[in-house]
Structures are given as C-alpha cells and as structure tokens.
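>
In the numbering used here, the protein residues as written are 3 to 115.
(1) In its own chain, which residues sit with a C-beta less than 7 angstroms from the C-beta of residue 65, not counting the 5 before and 5 after it?
(2) According to the Cβ coordinates, are residue 95 and residue 78 closer than 8 angstroms?
(3) In chain order, what residues of the same chain have a beta carbon less than 7 angstroms from the beta carbon of residue 40, not counting five sequence neighbours either side?
(4) Between residue 90 and chain B, is the shortest Cβ-Cβ distance under 8 angstroms, so that the two count as touching?
(5) Beta-carbon within less than 6 angstroms of residue 75's beta-carbon, same chain only, minus the 5 sequence neighbours each way: which residues are those?
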C-alpha cells in the first residue's frame, strides 16, 4: 500500500514533500486534545508532550496554524511517513525502513549485483 505522497514516484516525478497530516490532518484524542498525526499518537510519540498539545476550541484553525507542536511537525521529515520512521527507526527524522525510498534503494542495490 502506498502513501499518497509516494505515488508520484511511480510516474517518475519527484516525491510530494508532505504527508497528508501536515496539510489536512487534525485528530482529536479522547482527552479533547488536537494531535498532528493519529499514528504518532498511538505510537506514544506524544506521551511526554501531552501538556503541549492544544485542546480543541472554536478557533481550532488558528490553533492548528500557530501551535508550536504543529509548527514543528510541519518541519519534520515529510518525504515519508513520520510515524513509520519513529516506530521502526526510532526517530521522526530517520528514513522509513519500510518506505518507498528504502525499497528503491534496496531494488537498485539488488539489480547492480
């Protein structure tokens, strides 16, 4: 299964440089807090940052745009799924070891043998 940001590479285009969560993602957790990515939330990424996540309010669009956690999220490694990078490589800035870039690297290495 491909993430939306990876499909252009199949057509020899550049990767889309964003994940969907940065453009349209807004998840509200059971505590009424806005979360950037539901998968990062489930992976425990926000465990020590829960106090920095904003509560949903009437101005949630401005909150989404201006909150430091969301701003930082939009500056992350957005070429691949940040949650997969965090889960499988231990860092949101790492390459997703199961992502399309890793597969292409593997395929190129294998075909050069």
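No residue lacks a Cβ here, since even glycine has one placed at the ideal position from N, Cα and C.
Looking at the atomic coordinates:
(1) Same-chain partners within the cutoff: 36, 56, 59.
(2) Cβ atoms of residue 95 and residue 78: closer than 8 angstroms.
(3) Answer for residue 40: 29, listed in chain order.
(4) Absent from the structure: chain B. Only one protein chain is present.
(5) Same-chain partners within the cutoff: 38.
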